[in-house]
Amino acid sequence: MKKGLIIVISAPSGTGKGTVIEQLRQRRSFSLSVSHTTRAPRQGEVDGVNYHYVSRAQFQALVDGGKMVETTVYSGNCYGTSFAAVEDVIARGEDVLLEIEVEGGRNIRKKFPEAVEIYLFPPSLSELERRLRGRGTESDAAVRTRLDRALEELDELRAEEGVYDYFVVNRQVDQAAAEIDAILRAEKLRRERQGDLPTRLLDGGAL
Ligand code: ADP
Ligand code: 5GP
-11 MKKGLIIVIS
-1 APSGTGKGTV
9 IEQLRQRRSF
19 SLSVSHTTRA
29 PRQGEVDGVN
39 YHYVSRAQFQ
49 ALVDGGKMVE
59 TTVYSGNCYG
69 TSFAAVEDVI
79 ARGEDVLLEI
89 EVEGGRNIRK
99 KFPEAVEIYL
109 FPPSLSELER
119 RLRGRGTESD
129 AAVRTRLDRA
139 LEELDELRAE
149 EGVYDYFVVN
159 RQVDQAAAEI
169 DAILRAEKLR
179 RERQGDLPTR
189 LLDGGAL
């Protein structure tokens, strides 16, 4: 069976990743990787669905046990992807989507060079702030920390080469989802993901 795609989507917090990914679900099927985090659940978030919410000690035990592909500290909390969240899914032939920040994107690239990595941009910094405040989930101080982190991330991206394959701007949710869908359709057609089609045909098989 063909393995599924490992898809990474990163963006400054508040850009609309979650919203665009939800819209992408209308267009294609994939599993969302459920990360572990030490941050508290936001209102409406569900343990095991949005994140696995764990204590610092539990998080450290997972790291020490070699269970994590990558981890990061973001706004004072630990976040990380477990091997199980990625490998079990792609082995079933399903695509898995990771919604993670840039350090995670970089580490996924090292462990899974074949990953498809997409960076989603807000149309402007003022619109980013408007969206972040409009979401109403963070205190004023947390909004500021997230905006500072956004600037740092964008600065790092300027210097970084070769981690993100695609840049998409989230102006309209629908359009951004359509663009990501187009990227993933094209990725599925990559020669290296399709095996030796000429030989299969020449051997009398059907494609
Ligand atoms: P992220 O997952 O990147 O932190 P969210 O998906 O929570 O961001 O979106 C942050 C806020 O911006 C939400 O209130 C959401 O409704 C809004 N939003 C997302 N995409 C757009 C868009 N294209 N135009 C306007 N508002 C948007
Ligand atoms: P939030 O607290 O808004 O849910 O997430 C904060 C940031 O952490 C976002 O940029 C999100 O993409 C990132 N993030 C969530 N899970 C992971 C993870 O498992 N690994 C990494 N590296 N980043 C993550």
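Under the numbering used here, think of the first position of the sequence shown as -11, with each following residue one higher.
All C-beta atoms, glycine included, are put in the ideal place defined by N, C-alpha and C.
#1: What would DSSP say about Asp196, mapped onto helix, strand or coil?
#2: For Thr7 versus Val151, is the C-beta spacing smaller than 8 Å?
#3: In the segment 113 to 192, which residue ranges form an unbroken beta strand (DSSP E) of at least 3 residues, counting only runs that do not cross its ends?
#4: What are the partner residues of Glu102, as DSSP defines its beta bridges?
#5: Please determine, among Ser1, Pro0, Leu20, the residue with the shortest C-alpha to C-alpha distance to Ile9.
#6: Tell me whether Gly32 counts as near the ligand ADP, meaning its Cβ is closer than 7 Å to at least one heavy atom of that ligand.
#7: Restricting to Cα atoms, I'd like to know which of Tyr41, Lys(-9), Thr3 is closest to Phe18.
#8: Per DSSP, what kind of secondary structure is Thr59 in: helix, strand or coil?
#9: Check for me: the beta strand (DSSP E) holding Gly68 runs from which residue to which?
#10: So, using beta-carbon positions, are Val157 and Pro186 closer together than 8 Å?
#11: List the endpoints of the continuous alpha helix (DSSP H) containing Thr25.
The answer reads as follows:
#1: A question about residue 196 goes unanswered here, because the residues of the chain that appear run from -11 up to 195.
#2: Result no, Cβ atoms of Thr7 and Val151 do not sit closer than 8 Å.
#3: Listed in chain order, they are 154 to 157.
#4: In DSSP, Glu102 forms no bridge with anything.
#5: Minimum Cα distance to Ile9 is reached at Leu20.
#6: Checking every heavy atom of the ligand ADP against the Cβ of Gly32, none is found closer than 7 Å.
#7: Nearest neighbour of Phe18 by Cα position, chosen from Tyr41, Lys(-9), Thr3, turns out to be Lys(-9).
#8: For Thr59, the secondary structure class from DSSP, reduced to helix, strand or coil, is strand.
#9: Start and end: 65 to 70.
#10: Judged by beta-carbon spacing, Pro186 lies beyond the 8 Å limit of Val157, meaning their Cβ atoms are not closer than that value.
#11: Element bounds for Thr25: not the alpha helix (DSSP H) but the beta strand (DSSP E), 23 to 25.
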